[in-house]
Amino acid sequence: MFRSLQWLTVRQPNARRGFTLIELLVVIAIIAILIGLLLPAVQKIRAAAQRMSCSNNLKQWGLGIHNYQDTNGRLPPGGCVNPNGDWGDTRGNWLWHTLPFIEQDNLYKTIPNVSADATTPLGAADPYYNPFGKVPTAVYDAAIAAKFKMRVCPSDDTNVDGASTNYIGSLGPQCAPGPNGCDPNTQYCQTAIGWGYTTSTDHGNSQNANDIRGVFNRVGAIMKFASVPDGLTNTIFVGECIRGWHDHLSANWIDWNGSGASHCSTIVPINYPTDGKSGACSQSNNWNTSWGFKSRHSGGANFLFGDGSVKYISQSIDHRTYQLLGCRNDGLPVAIP
945 MFRSLQWLTV RQPNARRGFT LIELLVVIAI IAILIGLLLP AVQKIRAAAQ RMSCSNNLKQ
1005 WGLGIHNYQD TNGRLPPGGC VNPNGDWGDT RGNWLWHTLP FIEQDNLYKT IPNVSADATT
1065 PLGAADPYYN PFGKVPTAVY DAAIAAKFKM RVCPSDDTNV DGASTNYIGS LGPQCAPGPN
1125 GCDPNTQYCQ TAIGWGYTTS TDHGNSQNAN DIRGVFNRVG AIMKFASVPD GLTNTIFVGE
1185 CIRGWHDHLS ANWIDWNGSG ASHCSTIVPI NYPTDGKSGA CSQSNNWNTS WGFKSRHSGG
1245 ANFLFGDGSV KYISQSIDHR TYQLLGCRND GLPVAIP
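Quick note on numbering: the sequence shown equals residues 945 to 1281 in this note's numbering.
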C-alpha cells in the first residue's frame, strides 16, 4: 500500500518543474512595463521633494536676514571689498554675515577676521569694512566646503564638491555687460525702457545705495528694509542659480571678486541657458547671460521676497513684471503672477 501511494506521488501528471523560457520573458516584460509606468511618477515625486527642500532653505535664509536686520538695523552686506579696488580683499558677504542668525554660529566663527569685527566702520563710505585684514582664500574655502544643508539646492548636480552655493542675493535690474560680445539683455537695465528705474552702475560696483537697483550689491552699499519703498512683499531679495552655469560660482568665487553670492541680475530671463553649448551667449563667463537666476526645477525657480515669503516664479513671466519685482524703488504697481 505504501509503495503504491509513493508511485502515484512521483508520477502526478499535473506536476510542474518551473517556468518555460517564454513564460519568463512574459514576466520580465510585464515587470519592465510596470517600471516604465512607475519611474516617471517616482521622478516627479523626487523633483517635487527637492523643490520643496530648496524652498525651505530659502525660507530659513529669509528668517536669518530678518533677524540680522532686527539686530543691526540694516541688511547684511551683499559683498564687502576693500575700497582700494582689490577684488581679492573680501570682508564677507550676506550669506556669511547671516550664518549666526540661522544657527550656524560655529561655522561663522571659523572665519575669524570676518566674525571678529565685521561691521566696524573704517570710514563713512564703507561701514562694513573689516580693519583686521582680508580673509585668506583657503580659510573661506574650508568653511564654505562645509556642506550644511542650507547652502545648496538638492536639485543642482553641478559643481557638487565646490565651495559654493545656489542662493544668490539679487542685484535687481542692474546692468551686467559681458566680455564675449553678446549682450542681449543690456536693454533691460536702461532708463529709456521706461520701467520706472534709471540706468544702473555696471555689475553693482558702487558703495552708493542710489546706484543699486536691487537689494544686494557687490561692494558694501548700505541697505535697510527702509531702502525698499516698493514694499518687501513685492521685491525679490534672494533667488536660485545653477552653480555650473555662473562663472563665479563654478570657480568657487563666493569668497572672491566681490563675493559671488550677490551676482545675479533680473535683466537675464529666468533659466537662460549658460551651459556653454550654444556659442558666446551661452558661456558661463558671459555676465550678460550667466548672471541670472536659474534652477534645475522644471519651468522656473524659487525666490525669496523681502517679507520672508518664498514663491516659485515661472520662466515665462512677463519680463517687465520680472524687472519690477527685482527693482526695489521703481514706484510702479506690480502683482506677483
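Ideal Cβ placement from N, Cα and C applies to all residues, glycine included.
Coarse secondary structure for residue i, derived from DSSP in three states
{"i": "Tyr1141", "result": "coil"}
{"i": "Met945", "result": "Only weak support exists for where Met945 lies, its pLDDT of 43 falling under 50; the value from the coordinates is given anyway. The answer is coil: DSSP assigns Met945 none of H, G, I, E or B."}
{"i": "Glu1047", "result": "coil"}
{"i": "Pro1277", "result": "coil"}
{"i": "Asn1178", "result": "helix"}
{"i": "Ala1245", "result": "strand"}
{"i": "Asn1037", "result": "strand"}
{"i": "Gly930", "result": "The shown model of the chain, from 945 to 1281, leaves out residue 930, and the question about it has no answer."}
{"i": "Ile915", "result": "Because residue 915 is not part of the residues shown, which for the chain are 945 to 1281, the question remains open."}
{"i": "Gly1188", "result": "helix"}
{"i": "Gly1023", "result": "strand"}
{"i": "Gly1008", "result": "helix"}
{"i": "Thr964", "result": "coil"}
{"i": "Gly1183", "result": "strand"}
{"i": "Tyr1111", "result": "strand"}
{"i": "Ala1195", "result": "coil"}
{"i": "Ala1060", "result": "Low confidence applies to Ala1060: its pLDDT is 40, below 50, so where it sits in the model is not reliable, and the reading given next is rough at best. Helix, per DSSP."}
{"i": "Pro1075", "result": "With a pLDDT of 41 at Pro1075, under the threshold of 50, the modelled position of this residue cannot be trusted, and the question is left open."}
{"i": "Lys1221", "result": "coil"}
{"i": "Lys1168", "result": "coil"}
{"i": "Asp1070", "result": "Confidence is the limiting factor: at Asp1070 the pLDDT is only 44, short of 50, which leaves the residue's position unreliable, though a coordinate-based value still follows. Reduced to three states, the DSSP call for Asp1070 is strand."}
{"i": "Ile972", "result": "helix"}
{"i": "Gly1158", "result": "coil"}
{"i": "Asn1152", "result": "coil"}
{"i": "Pro1065", "result": "Low per-residue confidence applies at Pro1065: pLDDT is 38, beneath 50, and the placement is therefore not dependable, though the value from the model is reported in the following sentence. In the structure shown, Pro1065 sits in coil (DSSP, three-state: anything other than H, G, I, E or B)."}
{"i": "Pro984", "result": "helix"}
{"i": "Gln994", "result": "helix"}
{"i": "Asn1000", "result": "helix"}
{"i": "Ser1228", "result": "coil"}
{"i": "Cys1126", "result": "coil"}
{"i": "Arg1095", "result": "helix"}
Option in the options with minimal Cα separation from residue i
{"i": "Gly1148", "options": "Gly1140, Gln1134, Cys998, Gly1164", "result": "Gly1164"}
{"i": "Asp1124", "options": "Asn1232, Met996, Val970", "result": "The displayed chain sequence assigns Asn, not Asp, to residue 1124. The shortest C-alpha separation from Asn1124 is found at Asn1232."}
{"i": "Ile1046", "options": "Asp1101, Asn1103, Pro1213, Lys1093", "result": "Lys1093"}
{"i": "Phe1169", "options": "Gly1006, His1263, Arg1187", "result": "Gly1006"}
{"i": "Ala1195", "options": "Lys1003, Thr1109, Asp1049, Tyr1052", "result": "Thr1109"}
{"i": "His1179", "options": "Gln1131, Gln1267, Asn1129", "result": "Note that residue 1179 is Thr in the sequence shown here, rather than His. Nearest of Gln1131, Gln1267, Asn1129 to Thr1179, Cα basis: Gln1267."}
{"i": "Asp1219", "options": "His1190, Ser1150, Ala1205, Gly980", "result": "His1190"}
{"i": "Leu1002", "options": "Gly1036, Arg1095, Ile977", "result": "Arg1095"}
{"i": "Asp1127", "options": "Lys1053, Cys1225, Tyr1141", "result": "Cys1225"}
{"i": "Gly1275", "options": "Ile1214, Asp1174, His1241", "result": "Asp1174"}
{"i": "Val1159", "options": "Gln1118, Leu969, Gln1004", "result": "Gln1118"}
{"i": "Ser1150", "options": "Asn1161, Gly1140, Thr1142", "result": "Asn1161"}
{"i": "Leu1193", "options": "Gly1036, Thr1102, Gly1252, Pro1021", "result": "Thr1102"}
{"i": "Asn1152", "options": "Leu983, Ala976, Ile1166, Gln1131", "result": "Ile1166"}
{"i": "Asn1011", "options": "Gly1252, Asn1273, Pro1281, Val971", "result": "Gly1252"}
{"i": "Ser1144", "options": "Gln1013, Gly1223, Asn1273, Pro1044", "result": "Asn1273"}
Beta carbon of residue i nearer than 9 Å to that of residue j
{"i": "His1207", "j": "Leu1115", "result": "yes"}
{"i": "Ile1211", "j": "Ala1120", "result": "yes"}
{"i": "Gly1188", "j": "Asp1100", "result": "yes"}
{"i": "Gly1122", "j": "Ser1234", "result": "yes"}
{"i": "Cys1133", "j": "Ser1209", "result": "yes"}
{"i": "Cys998", "j": "Arg1157", "result": "no"}
{"i": "Trp1038", "j": "Gly1023", "result": "yes"}
{"i": "Gly1250", "j": "Thr1177", "result": "yes"}
{"i": "Lys1238", "j": "Cys1185", "result": "yes"}
{"i": "Val1182", "j": "Ile1009", "result": "yes"}
{"i": "Ala1245", "j": "Gln1259", "result": "yes"}
{"i": "Ala1205", "j": "Gly1113", "result": "yes"}
{"i": "Arg990", "j": "His1241", "result": "no"}
{"i": "Thr1042", "j": "Pro1020", "result": "yes"}
{"i": "His1263", "j": "Pro1217", "result": "no"}
{"i": "Ile1261", "j": "Pro1277", "result": "no"}
{"i": "Tyr1052", "j": "Leu1248", "result": "no"}
Where the alpha helix (DSSP H) containing residue i begins and where it ends
{"i": "Tyr1266", "result": "1263-1270"}
{"i": "Asn1232", "result": "1231-1234"}
Opening and closing residue of the beta strand (DSSP E) in which residue i lies
{"i": "Ile1211", "result": "It is not in any beta strand (DSSP E) - Ile1211 carries neither H nor E in the DSSP assignment."}
{"i": "Gly1116", "result": "Element bounds for Gly1116: n/a, residue is neither H nor E."}
Contact test: residue i Cβ vs the ligand COA heavy atom, cutoff 8 Å
{"i": "Ser1206", "result": "The ligand COA is not among the ligands present in this structure, which contains no ligands whatsoever."}
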